[in-house]
Amino acid sequence: MDSSPDMGLFGPESVTWKVHSEPIVTMGGLRSLYLQALHPRAVAAIAQNSGYKSDPWGRFNRTSEYVGTVLYGSTDEVERIASRIRRMHSRMTATDPRTGERFRIDEPELLRWVHVAEVESFLSTARRAGLKLTDAEVDTYYTEQLKAAELVGLDPATVPGTAAEVAAYYERMRPQLGITREAAETALFLTVPPLPDFWGNRALRLSLNFGPARWAYFGVAGTAVALLPPWARKMYGGLGLPTTDLSADLSVRGMRLLLAGLLAAAPEQYKMAPMRRAALERAGLA
8 MDSSPDMGLF
18 GPESVTWKVH
28 SEPIVTMGGL
38 RSLYLQALHP
48 RAVAAIAQNS
58 GYKSDPWGRF
68 NRTSEYVGTV
78 LYGSTDEVER
88 IASRIRRMHS
98 RMTATDPRTG
108 ERFRIDEPEL
118 LRWVHVAEVE
128 SFLSTARRAG
138 LKLTDAEVDT
148 YYTEQLKAAE
158 LVGLDPATVP
168 GTAAEVAAYY
178 ERMRPQLGIT
188 REAAETALFL
198 TVPPLPDFWG
208 NRALRLSLNF
218 GPARWAYFGV
228 AGTAVALLPP
238 WARKMYGGLG
248 LPTTDLSADL
258 SVRGMRLLLA
268 GLLAAAPEQY
278 KMAPMRRAAL
288 ERAGLA
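Residues 8 to 293 in this note's numbering are what the sequence shown spells out, letter by letter.
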């Protein structure tokens, strides 16, 4: 009988765990949302089916739970949450804003775009923040993430699994991308989201909307946009200059150092995500 711990899809020796041990990858999640919004059908699917405007922080928590479970959950936990997501997506449709055509949101093209935008954003944000990875480790990360792609219903053989394949995929997709009304609204919402209800009463939230917390978030959102590929920044009306990339690198490296300092001073229970801590305990590494 096999008594080894059930580490789910990945494990302590995986590049995936190495990348996602970096708290700065959360900014990669925000970057990926700006990138996903450039696909007219993908952003229509989100805008027409998601309650992100009425409950943005709830949606953020649910997405974080899904990502955390895929990364650190046991095989049973991963299969259970993935099955729930597949069932939910199978019942949803949206209308293409350009053609009026009705489409399923679990179309492979849309699932593939969301997957690639997400994993590429996580990886590139961590690397540009200063995480050292070899070219082989980069390719291994993309290959490991084919398991996550399969969970949502994709055939792994149709999903980019190396850095070169991701770059070629983006090149193929660019003619299909652009700014629609829903993309512009989504990007604006990502840049100026409402503060969560648990941040005090209405008067306090109103003061915070124009205070340091809001300006700090502007810095985070601005850095996430600056981390986009130059062609994506141009679609949003920004600059594709190398100097923008340099500024973004300096900004995200500074944020990584700031996070490291804050976590070092934080109480022990806040130093690590609970799902990661539980996975390390299963592996005997806590």
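By construction, the Cβ of each residue, glycine as well, lies at the ideal position given by its N, Cα and C atoms.
Less than 8 angstroms between the CB atoms is what I'm expecting for residue i and residue j, so what's the real figure, rounded?
{"i": "Ala-101", "j": "Phe-110", "result": "6 angstroms"}
{"i": "Gln-183", "j": "His-46", "result": "7 angstroms"}
{"i": "Ala-290", "j": "Pro-12", "result": "5 angstroms"}
{"i": "Thr-23", "j": "Glu-151", "result": "5 angstroms"}
{"i": "Ala-239", "j": "Met-34", "result": "About 15 angstroms; that fails the 8 angstroms criterion."}
The alpha helix (DSSP H) that contains residue i, what's its start and end?
{"i": "Thr-100", "result": "From DSSP, Thr-100 is part of no alpha helix (DSSP H) but of the beta strand (DSSP E) over 100-102."}
{"i": "Thr-150", "result": "142-151"}
{"i": "Glu-288", "result": "281-289"}
{"i": "Phe-129", "result": "115-135"}
{"i": "Tyr-176", "result": "170-180"}
{"i": "Tyr-41", "result": "32-43"}
{"i": "Val-166", "result": "Taken as a continuous stretch (DSSP letters only), Val-166 belongs to no alpha helix (DSSP H), as it is neither H nor E."}
{"i": "Gly-65", "result": "63-79"}
{"i": "Leu-265", "result": "249-272"}
{"i": "Leu-234", "result": "Here Leu-234 belongs to no alpha helix (DSSP H), and DSSP marks it neither H nor E."}
{"i": "Glu-84", "result": "82-97"}
{"i": "Leu-197", "result": "188-198"}
{"i": "Lys-25", "result": "22-27"}
For the beta strand (DSSP E) containing residue i, name the first residue and the last one.
{"i": "Arg-111", "result": "109-111"}
Once the 5 residues before and after residue i are set aside, which same chain residues still bring their CB inside 6 angstroms of it?
{"i": "Leu-40", "result": "Leu-197"}
{"i": "Thr-3", "result": "Outside the shown range of the chain, which is 8 to 293, sits residue 3, and nothing can be said about it."}
{"i": "Thr-147", "result": "Val-22"}
{"i": "Ser-254", "result": "none"}
To which residues of the same chain is residue i closer than 7 angstroms at the C-beta, ignoring the five residues directly before and after it?
{"i": "Pro-30", "result": "Leu-266 and Leu-270"}
{"i": "Pro-167", "result": "Val-123, Tyr-149, Val-173 and Tyr-176"}
{"i": "Glu-189", "result": "Val-50, Ala-51, Ala-54 and Pro-104"}
{"i": "Arg-98", "result": "none"}
{"i": "Ala-210", "result": "Residue placement at Ala-210 is poorly supported in this model, since its pLDDT is 47, which falls under 50; the coordinates still yield a value, given next. Nothing listed; no residue qualifies."}
Would the C-beta of residue i count as close to the ligand PLP, meaning under 6 angstroms from any of its heavy atoms?
{"i": "Ala-133", "result": "The ligand content of the structure shown is nil, which means the ligand PLP is not present either."}
So, for residue i: in the same chain, excluding its five sequence neighbours on each side, which residues have a beta-carbon less than 8 angstroms away from its beta-carbon?
{"i": "Met-8", "result": "Any reading at Met-8 needs caution, since the residue's pLDDT is 49, under 50, leaving its predicted position unreliable; the model's value is listed next. Nothing meets the Cβ criterion."}
{"i": "Asn-208", "result": "Residue confidence is low: Asn-208 scores 48 on pLDDT, short of 50, so the model does not pin down where it sits. No coordinate-derived value is stated."}
{"i": "Tyr-73", "result": "Ile-88 and Ile-92"}
{"i": "Met-242", "result": "Leu-45, Leu-184, Gly-185 and Ile-186"}
Report yes or no: do three or more beta-carbon pairs, one from the segment 146-161 and one from the segment 85-92, lie closer than 8 angstroms? Judged by pairs of C-beta atoms under 8 angstroms, the segment 146-161 touches the segment 85-92, as three or more such pairs exist.
Inter-stretch contact (C-beta, 8 angstroms, three-pair minimum) for the segment 119-139 and the segment 244-264: Contact check between the segment 119-139 and the segment 244-264: three or more CB pairs, one atom from each, fall below 8 angstroms, which counts as touching.
At least three beta-carbon pairs within less than 8 angstroms, the segment 17-29 to the segment 51-60: The segment 17-29 vs the segment 51-60: no contact.
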